[in-house]
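In UniProt numbering, the protein residues as written are 1 to 308.
Virtual Cβ for every residue (Gly too), placed ideally from N, Cα, C.
Data first, discussion second: the structure below is written as structure tokens.
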Amino acid sequence: MTTSPTSPRAAADESLSAYGQARSTIAGNPLDHDTLQRLEKYWNASLYLCLGMLYLQGNPLLREKLARHHLKPRFLGHWGSAPGQSFAYLHFNRLIKQQDLDAIFISGPGHGAPAVLSHAYLEGTYGEIYPEISNDVAGLTRFFKQFSFPGGIGSHATPETPGSIHEGGELGYSLSHAFGAVLDRPQLIALAMVGDGEAETGPLATSWHSNKFLNPITDGAVLPILHLNGYKINNPTVLARISRAELEALFIGYGYTPYFVEGSDRVSMHQAMAATMAHCVAEIHNHQAQARQSGQAFRPRWPMIVLR
């Protein structure tokens with residue numbers, strides 16, 4: 001069946017698409033060429049580490065021809081949300097460094113640890129805590145092999161993960177933990193990554209309302225990112241199959257201002273995410289400044305991001 005570009009069916013199809021040039025609520029190109037290239041290389045390195053953790057137990061830099069004994073005999077965990085989580089972490093990390101933010105990353109999706117672990121390794125945090133995971137071939141081999149392996153580490157952001165306060169394995173609690181983390185921590189921003197399968201659980205669906213309990217004078221803020229990669233463990237998700245207009249109306253009803261970042265073109269997606277995150281953090285600071293300078297607490301319409 002074919003549709004004209006202006007037909008309702010074509011418009012609906014486009015609103016559900018994760019492909020093409022970035023389509024974002026906030027426009028702008030805040031990244032210069034050098035920064036863009038460095039972000040892209042860093043993201044590629046993170047994704048390579050994610051793949052290595054999932055599949056390799058030897059030959060971590062592929063300096064030899066790949067053979068069966070280099071692969072794990074059983075794959076536990078999955079690619080799933082790794083690219084989107086890593087993408088969000090990368091761009092939030094840039095803002096943390098640029099603005100000296102007090103921040104924490106909450107990984108909600110199931111089996112989402114590779115994204116968090118890859119950045120902990122690249123930052124050097126992982127090696128500080130676990131010196132045997134060194135920045136050489138031997139350390140990288142251990143890092144890959146231990147993931148979701150007997151005697152190793154889990155495929156969720158378990159307590160052994162540096163900086164983790166939320167494991168993510170039992171789906172549904174990422175937002176409630178994120179909101180709890182910022183209570184009475186007025187400078188803290190929690191970036192909460194919510195999987196679209198996770199979003200269908202009862203606890204998560206209810207915890208969107210936690211924004212109503214934040215005091216912008218005495219508490220910090222939560223920036224949720226709904227990651228619409230389209231699937232949970234084995235079937236499509238509801239939120240990834242409704243129109244953008246319906247999705248926007250849903251989160252406005254929850255009390256948020258939703259900002260969309262959608263597409264697959266890497267250059268334009270980097271620019272869109274950088275502009276959107278900067279806008280959201282500025283919006284958070286504006287709400288807090290208004291309340292703290294006036295001494296009058298109110299319930300802001302906090303920002304959130306829909307990443308597809």
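One Cα belongs to Ile-284, the other to Tyr-259, and the distance between them is close to 13 Å. Collapsing the DSSP output to three states places Asp-136 in coil. For Trp-302, the pairing in a beta bridge is given by DSSP as Tyr-256. When the five nearest sequence neighbours on each side are left out, the beta carbons in the same chain lying within less than 6 Å of the beta carbon of Arg-308 are those of Ala-18, Leu-228, Glu-262, in order along the chain. Where Pro-224 is concerned, the enclosing beta strand (DSSP E) starts and stops at 221 to 227. Listed in chain order, the non-local C-beta contacts of Met-277 below 7 Å within the same chain comprise His-91, Phe-92, Leu-95, local neighbours out to five positions each way being set aside. Annotation for Ala-192: the continuous beta strand (DSSP E) segment containing it runs 188 to 195.
From the listed residues Ser-148, Leu-36, Gln-98, Asn-44, the smallest Cα separation to Leu-54 is found for Ser-148. DSSP places Phe-147 in the strand class (E or B) of the three-state scheme. For Ser-107, the enclosing beta strand (DSSP E) stretches over residues 102 to 107. Listed in chain order, the non-local C-beta contacts of His-209 below 8 Å within the same chain comprise Tyr-254, Gly-255, local neighbours out to five positions each way being set aside. Listed in chain order, the non-local C-beta contacts of Leu-188 below 6 Å within the same chain comprise Asp-102, Val-182, Gly-220, local neighbours out to five positions each way being set aside.
DSSP places Tyr-231 in the strand class (E or B) of the three-state scheme. Between the beta-carbon of Ala-22 and that of Asp-265 there is about 6 Å, and that keeps the pair under the 8 Å contact cut. Within the DSSP secondary-structure output, Glu-262 pairs in a beta bridge with Arg-23. Cβ contact annotation for His-78 (same chain, cutoff 6 Å, sequence separation greater than five): His-111, in chain order.
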